[in-house]
Every structure is written in structure tokens, then in C-alpha cells.
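Participant: One structure, pasted below without further comment.
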Amino acid sequence: MPIRYPPIPSSEITEQNLYLQRRKFIRNSALGISSAMLPEIGTAARLHAAYSRYSTTEVATGYKEVTSYNNYYEFGTDKSDPADYAPSLKTRPWTISISGEVNRPRVWDIDALINTFPLEERIYRMRCVEGWSMVIPWLGFPLASLIHQAEPTGKAKYVEFTTLYDPAQMPGQRRAVLDWPYVEGLRMDEAMHSLTLLAVGLYGETLPNQNGAPVRLVVPWKYGFKSAKAIVRIRFTDQQPLTAWARSVPSEYGFYSNVNPAVDHPRWSQAKERRIGEFFKRNTLPFNGYAEQVAGLYRGMDLRKYF
Ligand code: MTE
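What follows is the structure in C-alpha cells.
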């Protein structure tokens, strides 16, 4: 469903139009129209006019912080490395293959994908396993739309996401920080959940490379590392995927990785978090504040065991 906006005061209409104009940019990117040709939108808070019933009304983290404080180990382990080194990544042409337990396997061109599934804005809280959080206005479409299109077979129980392996373009992959490529996974019902997005933009613009262009996963009730960037393959399986983090450090990174203030990381507490841009820490909420929508997926499971 496309974004629906609530009535807005006339004083904000110009901003709103500017914003909608910028949204069009994402569809124009393939035509080579540059964002520099469009007027500047201004600061974060203005996007609050945009409404989705899935969006938080909390203040969004500034564009600068969202795009300069990142985790993307393919480009280095410092928070500033992705903004420094990811911009040179070539994100066109780009394909995403859909394979495994589906009736309709196919290879999607990224622009065909963007033009097929209506984009929505979703302002989500994001919580990193390291203890910081942000509020990010994503542009994307529900992963469920793509899954429906692929027609999973009855054997599809999990979805595996594989991201680009290209050490020539991704200097971090020349070091054995992780067993590359970066792989993540979801259970089928998690992948189909209406909160789960494939994001292709943020702040009304094409996704910056450091945030996972051209397409990344967004799963707001899980720690940030589940939200894999630069996806090239989506595979449906009957086995729980072995994720890159679980393969490297299984005692610290479980498959589920639901945000849970009651279960500590082996080396630190997860009870509190620092919202980027704020000084005082705040309490972390179960399922990152999305318990009402997702707790039912885990009814009856011991979330200490399945962390
Ligand atoms: N995806 C890939 N391919 N490589 C990574 O290192 N880091 C993850 C996740 N996705 C990562 C990745 C982690 S730990 C976090 S917290 C989020 O990306 C950060 O997303 P952001 O930089 O857009 O905030």
C-alpha cells in the first residue's frame, strides 16, 4: 500500500511537495537524474508529516548521523569507514537472485524491483547489538510482497540473505574479520511479517552506499546485524541458515537476535541503549518496542535459549 498522508497545515505543504518530489528521484536514479538537481529538503524533523501506521512518531535521527555512523565491515570496522570507503561501490548494474524452495525462481534487476513494488516510508527504531540506537525514515517495500511473487513451496521454512562478495571493491573483505560473504537469515514467518522491509532508500532519497545500497533488509525488532546490506541473493530453504555472525562467534550471536533487555550479550548488558544524538541512556524495550506486533511469533519459545 502506498504511503497515505494525514491532512497537513498549509504552511507545511511546500515541504511536503518537495519531499514527494524527492521520492520520485529514487525512481529516476536509473535515468541518471542527480539529487543535486533537486532542492534541499532540510532537517530531519520535517519528515514527521509523512504518515504510516507502522511508523514511530519519535524524532528521527539526523541524516548526517544516519549516514556517517555505520556498521559495514566490508568497508572497515570503524564507524566512519563506511562513509569514507563505501561511496565508490558500484551499485548498477545490480541483480538479486531468488532461488531455492520457490516455484518462480528468477533474477531481478534492481530497478525492475524498485518499479514493481510500491515504495512506502517507514520510520523505524533501530537498535544495534553494541548498545546504540537510531530512528530512521526508510523507504522500501515489504519483503512479503517479493516472497508472494516468488511463490515459496511447502518446504520453504527459512530465508537466507547473501550479500555482495567483491574484495576488489570491498577492502574489508581482504581481511578475515568475518567468513565472507555476510550471510543472514530469517524464519519464514519473520520474513513475511508486515514490519519486515527491503529498503532501497532513506530520508526520501536513494539509499546511500554506506547504509546498504542498492537494497538492504530492515527488521526493526531485531539487533541491527540482522539487517543485511547490499543483498545479491535471497534463497528459500528448509534448514536454518548458518549466518556469518553465528559461524564466527556462535556463543554471542544467535539466529534469532531479537532485541531483549532481559538477555545480556555475554560481554555486556543489553538493558539500556544510547540513542545517537542524545546524552542520557534510555531503557531498551523488548523487541525494540515492537512487542505488540511480533511477540506472538515467539509464543512458547524460551528466548534465553533461542537468543
Ligand atoms: N550488512 C553487511 N553486509 N555488512 C555489515 O557489516 N552490519 C550490520 C548491518 N548490516 C553489516 C550489515 C550491523 S552490525 C548494523 S548495526 C547495521 O547494518 C547498521 O546499519 P546502518 O549503518 O544503516 O545503521
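Heads up, our numbering is the position in the sequence shown plus 5, with the first residue counted as 1. Quick reminder that beta carbons are idealized off the backbone N, C-alpha and C, glycines included. A quick note: this is a predicted structure, and the numbers were derived from the prediction, not measured.
Alpha carbons only, please: which of Thr121, Val140 and Lys234 is nearest the one belonging to Arg280?
Facilitator: Here the closest residue by C-alpha is Val140.
Participant: With a threshold of 7 Å (Cβ to nearest heavy atom), would Tyr129 be considered close to the ligand MTE?
Facilitator: The answer is no for Tyr129.
Participant: Considering only DSSP beta bridges, list what Asp114 is partnered with.
Facilitator: According to DSSP, Asp114 bridges with Thr100.
Participant: Quick one: any contact between the region 170-181 and the region 243-252, if contact means 3 or more CB pairs under 8 Å?
Facilitator: Result no; under three Cβ-Cβ pairs closer than 8 Å.
Participant: Distance check for Gly229 and Arg132, CA to CA, integer angstroms please.
Facilitator: Between Arg132 and Gly229, the C-alpha separation is close to 6 Å.
Participant: Sort out for me which residues DSSP pairs Trp226 with in a bridge.
Facilitator: Trp226 pairs with nothing; no bridge assigned.
Participant: Please determine if the region 139-159 and the region 102-110 are in contact, where contact requires at least 3 C-beta pairs separated by less than 8 Å.
Facilitator: Contact between the region 139-159 and the region 102-110 is present, because at least three Cβ pairs lie under 8 Å.
Participant: With DSSP run on the structure shown, which of helix, strand or coil describes Lys277?
Facilitator: Three-state DSSP puts Lys277 in a strand.
Participant: Using the three-state DSSP reduction, which class does Tyr261 fall into: helix, strand or coil?
Facilitator: Reduced to three states, the DSSP call for Tyr261 is coil.
Participant: Note the first and the last residue of the continuous beta strand (DSSP E) segment covering Arg127.
Facilitator: Here the beta strand (DSSP E) through Arg127 covers Glu125 to Arg132.
Participant: Would you check if the distance between the CB atom of Thr61 and the CB atom of Ile128 is smaller than 8 Å?
Facilitator: Yes, these two residues count as a Cβ contact at 8 Å.
Participant: How long is the line joining the alpha carbons of Ser256 and Arg111, rounded to whole angstroms?
Facilitator: Near 36 Å, if we compare the C-alpha coordinates of Arg111 and Ser256.
Participant: Assuming contact is defined by CB atoms lying nearer than 8 Å, are Leu212 and Ala204 in contact in what I supplied?
Facilitator: Cβ atoms of Leu212 and Ala204: closer than 8 Å.
Participant: Could you give the first and the last residue of the continuous beta strand (DSSP E) run that contains Pro142?
Facilitator: Unbroken beta strand (DSSP E) run through Pro142: Trp137 to Pro147.
Participant: Go ahead and label Pro98 buried or exposed: buried means 16 or more other beta carbons lie within 10 angstroms of its beta carbon, across all protein chains shown.
Facilitator: Answer is exposed; the Cβ neighbour count stays below 16.
Participant: Name the one or two DSSP bridge partners that Tyr163 has.
Facilitator: Paired residues: Arg192 and Thr242.
Participant: Quick one: measure Cβ to Cβ for Thr66 and Gly282, integer angstroms, because I've assumed they're closer than 8 Å.
Facilitator: Correct: roughly 6 Å between the Cβ atoms.
Participant: What's the call for Thr100, buried or exposed, on a 16-neighbour Cβ count within 10 Å?
Facilitator: It counts as exposed.
Participant: With Tyr311 and Gly259 assumed to form a contact (beta carbons below 8 Å), what rounded beta-carbon distance in angstroms separates them?
Facilitator: About 7 Å; that satisfies the 8 Å criterion.
Participant: Within this structure, are the beta carbons of Val237 and Thr167 separated by less than 8 Å?
Facilitator: In this structure, Thr167 lies closer than 8 Å to Val237 by Cβ.
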